[in-house]
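Those sequence lines, one after another, are chains L and F.
Quick note on numbering: our numbering labels position 177 of the first sequence as 177, and the sequence is numbered without any gaps.
Add 315 to the 1-based position in the second sequence for our numbering, that's all there is to it.
Backbone N, C-alpha and C define an ideal beta-carbon position, used for all residues, glycine too.
Here the structure is a predicted model, which is why all the values come from computation and not from measurement.
Here is the structure we will look at, set down as structure tokens.
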Amino acid sequence: MRSQSGGGTPPPPNRKLFLTTAAYHRPSRWTPFWFLAPALAIKAAVVVVPAAQTIWLSLQDYLLYEPDAATFVGLGNFRAILRDEVFWISLGHSAVWIIGVVGLQFLLGLVAALLLNQSFWWRGAARALVVVPWALPSVIIGLMWTWMYDFNVGVLNDMLVRIGIIDAPIAWLARPDLALAAIMAALIWQGFPFFAITILAGLQTIPSELYEAAEIDGANRRQMLWHITLPSIADVIATALLLRTIWVANSLDVILVMTGGGPGYATHTLPLYAFVRAYNSMEFGYAAALALVLTLLLLTVVWLYVRRASRDLDR
Amino acid sequence: MKDRRSATRRFFEVELPVLAILAFALAPYVWMVLTSIKPQAELSLWPVRYLPENATLDHYRELISRTTFAGNLLNSLIIATGAAALGLGVSIPAAYAFSRFRFRARRMLMTGFLVINMFPIVLLIIPLFILMKNLGLLDTFLGVILGHSTFAIPFAIWMLTSYFNAIPKDLDEAAMIDGASRQEAIRLIVLPLVMPGVVTAGIYIFITSWNEYLFAMMLSGQAVRTVTVALQLFIGEFTIQWGLLTAGGTLIALPVTILFLLVQRRLVSGLTAGAVKS
Numbered sequence: 001m002r003s004q005s006g007g008g009t010p011p012p013p014n015r016k017l018f019l020t021t022a023a024y025h026r027p028s029r030w031t032p033f034w035f036l037a038p039a040l041a042i043k044a045a046v047v048v049v050p051a052a053q054t055i056w057l058s059l060q061d062y063l064l065y066e067p068d069a070a071t072f073v074g075l076g077n078f079r080a081i082l083r084d085e086v087f088w089i090s091l092g093h094s095a096v097w098i099i100g101v102v103g104l105q106f107l108l109g110l111v112a113a114l115l116l117n118q119s120f121w122w123r124g125a126a127r128a129l130v131v132v133p134w135a136l137p138s139v140i141i142g143l144m145w146t147w148m149y150d151f152n153v154g155v156l157n158d159m160l161v162r163i164g165i166i167d168a169p170i171a172w173l174a175r176p177d178l179a180l181a182a183i184m185a186a187l188i189w190q191g192f193p194f195f196a197i198t199i200l201a202g203l204q205t206i207p208s209e210l211y212e213a214a215e216i217d218g219a220n221r222r223q224m225l226w227h228i229t230l231p232s233i234a235d236v237i238a239t240a241l242l243l244r245t246i247w248v249a250n251s252l253d254v255i256l257v258m259t260g261g262g263p264g265y266a267t268h269t270l271p272l273y274a275f276v277r278a279y280n281s282m283e284f285g286y287a288a289a290l291a292l293v294l295t296l297l298l299l300t301v302v303w304l305y306v307r308r309a310s311r312d313l314d315r
Numbered sequence: 316m317k318d319r320r321s322a323t324r325r326f327f328e329v330e331l332p333v334l335a336i337l338a339f340a341l342a343p344y345v346w347m348v349l350t351s352i353k354p355q356a357e358l359s360l361w362p363v364r365y366l367p368e369n370a371t372l373d374h375y376r377e378l379i380s381r382t383t384f385a386g387n388l389l390n391s392l393i394i395a396t397g398a399a400a401l402g403l404g405v406s407i408p409a410a411y412a413f414s415r416f417r418f419r420a421r422r423m424l425m426t427g428f429l430v431i432n433m434f435p436i437v438l439l440i441i442p443l444f445i446l447m448k449n450l451g452l453l454d455t456f457l458g459v460i461l462g463h464s465t466f467a468i469p470f471a472i473w474m475l476t477s478y479f480n481a482i483p484k485d486l487d488e489a490a491m492i493d494g495a496s497r498q499e500a501i502r503l504i505v506l507p508l509v510m511p512g513v514v515t516a517g518i519y520i521f522i523t524s525w526n527e528y529l530f531a532m533m534l535s536g537q538a539v540r541t542v543t544v545a546l547q548l549f550i551g552e553f554t555i556q557w558g559l560l561t562a563g564g565t566l567i568a569l570p571v572t573i574l575f576l577l578v579q580r581r582l583v584s585g586l587t588a589g590a591v592k593s
């Protein structure tokens, strides 16, 4: 076997046979595309074409129950969005949602990762179990937390009353001032393990010599954290933050399960509002325009993430 | 880094905080399971009783015998298995192409697959609903399977590509020089070696599909309704029957938890590969 035969090759003993097989196997320009065709076809059918249709839909006044009466309104939907009070409310909630959820997921995940990187005998089990929330379906997460927040017999009210933090049970999901924060807590719980395992993987790539050298120089733990650990994982953190921002900005199913956007508009975020307009009022044109606005707002974050993720693709 | 702290200090500085984080991570899950085995009478006690006095499986029995839940479980199983099969069927060749060929559009297509998943689902769900309706695929297994496998394909391709990359190109080239066709080289040499990756990617697609809610809700009616959609409808139907709901939640959550813990290590290294440079 000639393992180096990929590039410039020494003349093989049986030159004729080699040439025929090599010619037979030399990939034509199109060979890779045959392998890619199924994936490209399914992606085109389920993602690219619908995305293009959304753009087309957003320019129309399209109601699902009377598709034939759809009229072309140009940028009319977008102009309506700018005057739509609920859009601005939802946009504000989305900002709070993204900053609050991603920020706290990150802080909690960072602390968890730093702890799980220490050595103790049951570390393996702890690392495996901490990821469990992240594997659960959003419907179950919504269900678990709605049950814990229950006004009459919820365990959260029970514990807070027992400890003495509150005097009487609170209707967490029914109070406009608390509902959004209550759902955010559920999402922070679900997503912090992602940060924990990503950051942990980053921590494991830091060479221990760095710490040993710092120790010899007399650095204390806090100095090592600030001057070695955090700079070493800055890159990992940046990528994880971008990725989570995209996911969290798009996620609406936990909200849908827990409050459906209510009470009033208290838990409306941008994707949820688009979904409600499409699903409840069947206004597909307007909903498509809302979804496009969300996509445009996220585009910078997506671009930054993709640039990082594809940095060393050509190796 | 050598840990020079005493055992007691380590317990208070490391183990105790880790225990607290684990308690936070697992408490809602444990609470769901505990609720599901409490008899109805114990569920309406105030102050709340934490551990069940007379543990029972009544809620599970009622859920299976009196609701459509068993059928929904089967639907979810069919859809998740179908999505995994279809997803792998298209991801494996694509990953092979990305790993073994260098062509002009390679970089663009690889990032393209990634970008495509960053679109909000809301953006796609509206025209997809119209498309599936026109094709007669609403409320069919194929419709939901198509959607679910599509969402998982990009990650599966990226993960499988790194598995393919880990196998020296020389290996299959040598086989082809020895007279094997490309298909034979893939089937006999490459595929057996990437099997661990294929299994991990398959389980990943299965879990994503099993967990998915929004898409299944839009595209399935009564015929192929999945467990997540069914459970959400139960929440509306039996508002106060938390025993039934948590029993259903436990039945949905247990299989994914077990599958996830099984492939966790490999899945996590695949998922974090994009963020961490080795």
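Practice prompt. Consider the Cβ of Asn526 of chain F: report whether some Cβ of chain L lies at a distance smaller than 8 Å.
Written response: yes
Worksheet entry | Backbone CA spacing between Glu85 of chain L and Leu290 of chain L [nearest angstrom] | 13 Å
Discussion item. I'd like to know if Ile140 of chain L contacts chain F, where contact means its C-beta is closer than 8 Å to some C-beta of that chain.
Written reply: yes
Worksheet item: What is the DSSP secondary structure of Leu332 of chain L, counted as helix, strand or coil?
Response: Absent from the model: residue 332 of chain L. The displayed extent of chain L is 1 to 315, so no value can be given.
Worksheet item: Taking DSSP as the reference, what is the three-state secondary structure of Glu283 of chain L?
Response: strand
Discussion item. Check this for me: beta carbons of Asp487 of chain F and Ile504 of chain F, under 8 Å apart or not?
Written reply: yes
Worksheet item: How would you write the range of the alpha helix (DSSP H) that Arg415 of chain F sits in, first residue to last?
Response: 384-415
Item to complete: Please report the residue range of the alpha helix (DSSP H) in which Leu203 of chain L lies.
Response: 179-203
Discussion item. I'd like to know if Leu294 of chain L contacts chain F, where contact means its C-beta is closer than 8 Å to some C-beta of that chain.
Written reply: yes
Worksheet entry | Contacting residues, own chain, Cβ-Cβ under 6 Å from Gln190 of chain L (five flanking each side not counted) | Pro133, Ile141
Discussion item. Rounded to the nearest angstrom, what separates Thr561 of chain F and Leu569 of chain F at their Cα positions?
Written reply: 12 Å
Worksheet entry | Backbone CA spacing between Leu304 of chain L and Leu242 of chain L [nearest angstrom] | 8 Å
Discussion item. Taking its Cβ as the centre, do 16 or more other Cβ atoms sit within 10 Å of Ile440 of chain F, making it buried, or is it exposed?
Written reply: buried
Practice prompt. Kindly list, in the order they appear in chain F, the residues whose Cβ is closer than 7 Å to that of Pro32 of chain L.
Written response: Ala412, Phe416, Phe418
Worksheet item: Listing by chain order, which chain L residues have their CB less than 7 Å from the CB of Thr350 of chain F?
Response: Trp147
Worksheet item: If you drop the 5 nearest sequence neighbours on each side, which residues of the same chain put their C-beta closer than 8 Å to that of Asn117 of chain L?
Response: Leu200, Leu203, Gln204
Item to complete: Please go through the region 206-234 of chain L and give each complete alpha helix (DSSP H) segment of 4 or more residues, from N-terminal end onward.
Response: 208-216, 221-224
Worksheet item: Closest Cβ-Cβ distance between Gly458 of chain F and chain L: below 8 Å?
Response: no
Discussion item. Judging by CA-CA distance, which residue of F:Pro332, F:Leu559, F:Ile550 is the nearest neighbour of Val111 of chain L?
Written reply: F:Pro332
Practice prompt. Spatial neighbours of Val73 of chain L within its chain, please: CB distance less than 7 Å, with the 5 preceding and 5 following residues excluded, ordered by chain position.
Written response: Leu59, Gln60, Asp61
Worksheet entry | CB-CB length for Leu173 of chain L against Ala179 of chain L, believed under 8 Å | 5 Å
Worksheet entry | Phe434 of chain F and Thr295 of chain L closer than 8 Å at C-beta | yes
Worksheet item: Nearest chain F C-beta to Ala291 of chain L closer than 8 Å, yes or no?
Response: yes
Worksheet item: Measuring from the CB of Leu156 of chain L, is there a heavy atom of the ligand ZN at a distance below 7 Å?
Response: This structure does not include the ligand ZN; it has no bound ligands of any sort.
Discussion item. Am I right that Thr371 of chain F and Ile394 of chain F are in contact with their C-beta atoms under 8 Å? What's the rounded C-beta distance?
Written reply: About 31 Å; that fails the 8 Å criterion.
Worksheet item: Any residues in the region 61-92 of chain L with a beta carbon nearer than 7 Å to a beta carbon of chain F? Which ones, in chain order?
Response: none
Worksheet item: Exposed or buried, what is Trp525 of chain F when buried is set at 16 or more other beta-carbons lying within 10 Å of its beta-carbon?
Response: buried
Worksheet item: In terms of residue numbering, what span does the alpha helix (DSSP H) encompassing Val101 of chain L cover?
Response: 85-116
Item to complete: Give the straight-line distance between the Cα atoms of Tyr65 of chain L and Pro32 of chain L, rounded to the nearest whole angstrom.
Response: 44 Å
Worksheet item: Which word fits Leu298 of chain L, buried or exposed, when buried means at least 16 other C-beta atoms lie within 10 angstroms of its C-beta?
Response: buried
Worksheet item: In chain L, which residues lie less than 9 Å from Gln498 of chain F when you measure between Cβ atoms?
Response: In chain order: nothing, as chain L lies at least about 11 Å away.
Worksheet item: Using the beta-carbon of each residue, which ones in chain F are nearer than 8 Å to Ala39 of chain L?
Response: Val405, Ser406, Pro408, Ala409, Phe428, Ile468, Ile472
Worksheet item: Cβ atoms of Ile188 of chain L and Gln53 of chain L: under 8 Å apart, would you say?
Response: no
Worksheet entry | Phe72 of chain L - partner residues in DSSP beta bridges | L:Gln60
Worksheet item: Using a beta-carbon distance cut-off of less than 9 Å, what residues from the region 355-371 of chain F approach chain L?
Response: Leu358, Ser359, Leu360, Trp361, Pro362, Val363, Tyr365
Item to complete: Please confirm if Ile482 of chain F has its CB atom under 8 Å from at least one CB of chain L.
Response: no
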